[in-house]
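When the letters of the sequence shown are read in order and numbered with this note's numbering, they come out as residues 84 to 434.
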Amino acid sequence: MKLMFSDFRKGLAKVRVTNLDDLWYLSQIIDENDTVKGETLRKIKLGSGENQDIVRKPVFLSIKVEKTEFSKESSILRVSGMILEGPEDVPRGTHHTFNVEIDSTITVEKEKWLDFQIEKLNEACSEKQSRILLVVFDREEAHFAHAKTYGYEYLSEIKSDLPRKGEETKTEGNYYDNILKQIREYESRYGIEKIVIASPAFWKEYLMKKITDPELKRKIITATCSSADKTAFDEVLKRPEVETALKESRIVEEMSLVEDLLKEIMKDGLAKYGLDEVDNAVNLGAVKTLLITDSFIRKTREDNAFERIENLLKKVESMKGKVIIISFEHDGGKKLDGLGGIAALLRYKLD
Numbered sequence: 084m085k086l087m088f089s090d091f092r093k094g095l096a097k098v099r100v101t102n103l104d105d106l107w108y109l110s111q112i113i114d115e116n117d118t119v120k121g122e123t124l125r126k127i128k129l130g131s132g133e134n135q136d137i138v139r140k141p142v143f144l145s146i147k148v149e150k151t152e153f154s155k156e157s158s159i160l161r162v163s164g165m166i167l168e169g170p171e172d173v174p175r176g177t178h179h180t181f182n183v184e185i186d187s188t189i190t191v192e193k194e195k196w197l198d199f200q201i202e203k204l205n206e207a208c209s210e211k212q213s214r215i216l217l218v219v220f221d222r223e224e225a226h227f228a229h230a231k232t233y234g235y236e237y238l239s240e241i242k243s244d245l246p247r248k249g250e251e252t253k254t255e256g257n258y259y260d261n262i263l264k265q266i267r268e269y270e271s272r273y274g275i276e277k278i279v280i281a282s283p284a285f286w287k288e289y290l291m292k293k294i295t296d297p298e299l300k301r302k303i304i305t306a307t308c309s310s311a312d313k314t315a316f317d318e319v320l321k322r323p324e325v326e327t328a329l330k331e332s333r334i335v336e337e338m339s340l341v342e343d344l345l346k347e348i349m350k351d352g353l354a355k356y357g358l359d360e361v362d363n364a365v366n367l368g369a370v371k372t373l374l375i376t377d378s379f380i381r382k383t384r385e386d387n388a389f390e391r392i393e394n395l396l397k398k399v400e401s402m403k404g405k406v407i408i409i410s411f412e413h414d415g416g417k418k419l420d421g422l423g424g425i426a427a428l429l430r431y432k433l434d
């Protein structure tokens with residue numbers, strides 16, 4: 084994301100979307116009752132009767148936000164609301180939906196930007212999380228994923244057509260060559276800076292022996308996993324060798340925070356979970372870090388119950404606590420969602 088202009092004292096930030104991650108960030112930043120401005124396509128009726136035609140015309144509009152909807156499948160963030168300002172031929176008070184996508188430029192205006200929202204914006208502009216390739220494999224199958232801010236995007240798989248173990252053939256050599264070819268293709272396509280290669284047993288060492296390019300080798304982190312299917316990605320991201328190497332990655336940080344929370348819950352320590360328990364802890368000034376899933380936020384918005392959550396987040400920050408939004412797309416987010424979607428790490432233990 085590129086920050087074109089900001090004046091947070093006046094509640095303004097103008098941004099240009101540069102990748103899919105940016106849309107996820109904006110879906111977490113833009114709230115109900117914010118104002119969003121930008122160029123958009125609006126259906127306009129031309130003529131009348133049988134000669135009437137409907138065309139999509141580019142217009143500059145300002146809307147009061149009512150809801151947001153992020154679809155990673157279509158790579159679009161839909162921001163819907165009531166029109167506040169626009170050309171004379173666009174009626175005020177009618178509704179419009181911005182389809183925000185890559186290369187869109189919008190201005191977001193808030194009554195007050197919360198600290199965690201500014202952090203999210205700065206994080207999106209730093210582009211730290213978008214250049215990691217994950218590969219899990221054994222001698223029968225290989226899976227590829229692109230680590231994203233909100234989890235990971237599954238890319239593809241390669242199946243081998245190999246004989247029994249111990250019978251290495253030309254087919255086996257081709258299988259590993261195909262894995263390396265796919266790694267190279269994704270490295271070029273996404274500008275990959277780190278590559279995590281994981282496998283059960285010794286398969287990763289076998290693949291590493293086939294890599295002769297020192298530049299590629301420098302990018303690679305090897306790890307062990309118990310299986311080589313799609314479920315292995317969450318396991319790999321928890322491995323200590325991967326956490327150390329990818330310590331700046333948002334997804335690793337989020338999963339680590341959820342693991343810390345679960346440890347505190349297990350020993351009845353410095354943690355609370357569930358909305359009512361967390362609300363009580365916030366009111367007592369005991370919350371050091373509040374964890375909340377993006378899916379829980381989305382659900383409360385859909386149920387018109389977000390006002391309570393928004394006030395809670397504001398209160399945490401006013402008491403010098405930290406707010407972290409956890410993505411539901413990875414294992415840590417799913418575990419937190421199972422605890423009610425909201426939890427807190429505490430400054431001190433509550434009875």
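Glycine included, every Cβ here is placed at the ideal spot set by N, Cα and C. On a predicted model such as this, the values are computed, not experimentally measured, just so you know.
Sort the options by Cα distance to residue i and report the nearest one.
i: Glu342; options: Asp296, Leu320, Ser401, Phe199; result: Leu320
i: Asn182; options: Leu396, Leu353, Lys150, Lys371; result: Lys150
i: Asn102; options: Asp414, Cys208, His226; result: Cys208
i: Gly424; options: Val399, Phe379, Glu168; result: Phe379
i: Lys382; options: Glu360, Glu152, Lys120; result: Glu152
i: Arg214; options: Thr123, Lys403, Ile266, Glu347; result: Ile266
i: Leu204; options: Asp104, Leu160, Ser271, Ile241; result: Asp104
i: Ser243; options: Asp312, Asn257, Gly234; result: Asn257
i: Asp312; options: Val325, Ile241, Ile294, Leu374; result: Ile241
i: Tyr294; options: Leu263, Leu373, Val100; result: Rather than Tyr, the amino acid found at residue 294 in this sequence is Ile. If we check each option's Cα against that of Ile294, Leu263 comes out closest.
i: Lys85; options: His413, Ala364, Thr188, Leu345; result: Thr188
i: Asn116; options: Leu124, Lys195, Asp386, Arg272; result: Lys195
i: Leu345; options: Arg391, Glu206, Ala426, Ser310; result: Ala426
i: Val98; options: Glu192, Lys155, Gly176; result: Glu192
i: Val406; options: Asn387, Leu428, Arg391; result: Leu428
i: Leu422; options: Tyr289, Phe316, Leu358, Ala96; result: Leu358
i: Tyr259; options: Glu236, Glu223, Ala230, Ser89; result: Glu223
i: Val173; options: Glu206, Val218, Thr190, Ile127; result: Ile127
i: Glu318; options: Arg92, Leu109, Val218; result: Val218
i: Ala315; options: Gly352, Tyr237, Asn366; result: Tyr237
i: Ile113; options: Phe389, Asp420, Glu412; result: Phe389
i: Glu122; options: Trp107, Leu106, Lys140, Leu109; result: Lys140
i: Ala225; options: Val119, Asp186, Leu124, Trp286; result: Trp286
i: Glu168; options: Arg391, Lys120, Glu156, Val138; result: Lys120
i: Glu298; options: Ser310, Ile278, Leu353; result: Ile278
i: Gly164; options: Glu206, Thr118, Lys292; result: Thr118
i: Gly274; options: His229, Tyr289, Ser310; result: His229
i: Arg272; options: Ala354, Leu216, Phe411; result: Leu216
i: Gly176; options: Leu144, Leu109, Glu385, Lys350; result: Leu144
Give me the Cβ distance between residue i and residue j, rounded to the nearest whole Å; I'm assuming they're in contact under 8 Å.
i: Lys300; j: Glu276; result: Not really, about 14 Å apart at Cβ, beyond 8 Å.
i: Leu340; j: Asp362; result: With 8 Å as the limit, Leu340 and Asp362 do not qualify as a contact, their Cβ atoms being about 20 Å apart.
i: Ile166; j: Glu184; result: Contact flag wrong, Cβ pair sits at about 20 Å.
i: Thr376; j: Gly404; result: Thr376 to Gly404, Cβ: 17 Å. No contact.
i: Leu367; j: Leu433; result: 7 Å
i: Leu95; j: Thr190; result: 6 Å
From the DSSP output, which residues share a beta bridge with residue i?
i: Ile185; result: Looking at the DSSP assignment, Ile185 forms no beta bridge with any residue, so it has no partner.
i: Lys128; result: Ile137
i: Glu224; result: Lys242
i: Ser89; result: Ala96
i: Ile166; result: Ile146
i: Val191; result: Ala96, Val119
i: Glu236; result: His229
i: Ile215; result: Ala230, Lys277
i: Thr151; result: Val162
i: Thr180; result: Ser163
i: Val370; result: Leu429
Checking 7 Å against the spacing of the C-beta atoms, do residue i and residue j come in under that value?
i: Gln111; j: Ile334; result: no
i: Val148; j: Pro170; result: no
i: Tyr269; j: Ala369; result: no
i: Phe227; j: Ser239; result: yes
i: Gly415; j: Glu337; result: yes
i: His179; j: Ile146; result: yes
i: Ala284; j: Cys308; result: no
i: Glu360; j: Asp198; result: no
i: Lys397; j: Val365; result: no
Pick helix, strand or coil for residue i, following the three-state DSSP scheme.
i: Tyr356; result: strand
i: Leu428; result: strand
i: Glu400; result: helix
i: Ile409; result: strand
i: Lys231; result: strand
i: Thr383; result: helix
i: Ser110; result: helix
i: Ile304; result: strand
i: Arg74; result: Because the chain spans 84 through 434 in this model, residue 74 falls outside it and cannot be assessed.
i: Val173; result: coil
i: Phe199; result: helix
i: Ala281; result: strand
i: Ile435; result: Only positions 84 to 434 of the chain appear in the structure, and residue 435 is not among them; the question remains open.
i: Ile375; result: strand
i: Ile275; result: coil
i: Arg322; result: coil
Is the shortest distance between the beta-carbon of residue i and the beta-carbons of chain C less than 7 Å?
i: Lys120; result: The displayed structure is made up of one protein chain only, and chain C is not part of it.
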